[in-house]
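Below: the structure, in structure tokens.
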Amino acid sequence: MKHLRLAILAAPILLASAAFAQNQVATLRNNAPLAEEGEATQIPGIVNTDIRQVRNYPDQPPLIPHKTDNYQVDLNSNKCLTCHSRTAVEVSQAPMISVTHFMNREGQTLAAVSPRRYFCTQCHVVQTNARPLVENEFVDVDKVLDYVHSKQGGAD
């Protein structure tokens, strides 16, 4: 009996959620009906400035500030290491990959890049000039700290 009452109470909520979700999906499809294929949006351009982007949160993998078209990253080759390896940074002036990329799962430092960190694009992505698909009110940690300090009168 208790389960029946719970199911009766939950039904309107589930139906309202489904209706709300359908409206959200429609906005991402540029108002094309679900039964029809909408017009494809243009592929956004890649930001190719070679200027480092600000990280939005702690431990965020750095964004790639240049094109990576035709970069080969597989078991035989890693084009990224041409510029970002420990031995190449003096000539390329590119930032060296993090020392954490030379550590294995047990925290031991290796002489070469760890196999689990070898495939760069698992974590690092190129920056594009794409417009956001949904509204985003993200605030980075520095702005949060500034807000907290302003409310506390600057006291730590």
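With mature numbering (1 follows the signal peptide of the UniProt record, and there is no 0) applied, the sequence shown covers -21 to -1, 1 to 135. The C-beta atom is built at its ideal place from N, Cα and C for all residues, glycine as well. Quick caveat: nothing in here was measured; it's all calculated off a predicted structure.
Leaving out the 5 sequence neighbours to the left and right, which residues in its chain are closer than 8 angstroms to residue i when beta-carbon positions are compared?
{"i": "Tyr36", "result": "Asp119, Val120"}
{"i": "residue 138", "result": "Because the chain spans -21 through 135 in this model, residue 138 falls outside it and cannot be assessed."}
{"i": "Phe117", "result": "Asn35"}
{"i": "Val4", "result": "With a pLDDT of 49 at Val4, under the threshold of 50, the modelled position of that residue is not reliable, and the figure given next carries that caveat. If we look at Val4 and ignore the five residues flanking it on each side, its Cβ neighbours are Leu13."}
According to DSSP, residue i sits in a beta bridge with which residue or residues?
{"i": "Ile25", "result": "Thr107"}
Within the same chain, show all residues whose beta-carbon is closer than 6 angstroms to that of residue i, passing over the 5 residues directly before and after it, in chain order.
{"i": "Cys102", "result": "Pro40"}
{"i": "Ala73", "result": "Cys62, His63"}
Residues in the same chain with beta-carbon distance under 7 angstroms from residue i, minus the five sequence neighbours each way, listed in chain order, please.
{"i": "Glu114", "result": "none"}
{"i": "Asn83", "result": "Leu89, Ser93"}
{"i": "Pro44", "result": "Val26, Thr28, Asp29, Ile30, Arg31, Gln32, Gln106"}
Is it buried or exposed for residue i, if we count other Cβ within 10 angstroms and need 16 for buried?
{"i": "Val92", "result": "buried"}
{"i": "Ile(-9)", "result": "exposed"}
{"i": "Leu124", "result": "exposed"}
{"i": "Ile(-14)", "result": "exposed"}
Next item on the list: Pick out the complete alpha helix (DSSP H) segments inside the region 43 to 121, 4 residues or longer, and give them in chain order.
Entry: Uninterrupted alpha helix (DSSP H) stretches at least 4 residues long and entirely within the region 43 to 121 occur at 60 to 63, 68 to 71, given in chain order.
Check: If you pair each beta-carbon of the region 13 to 21 with each one of the region 59 to 68, do three or more pairs fall below 8 angstroms?
Finding: no
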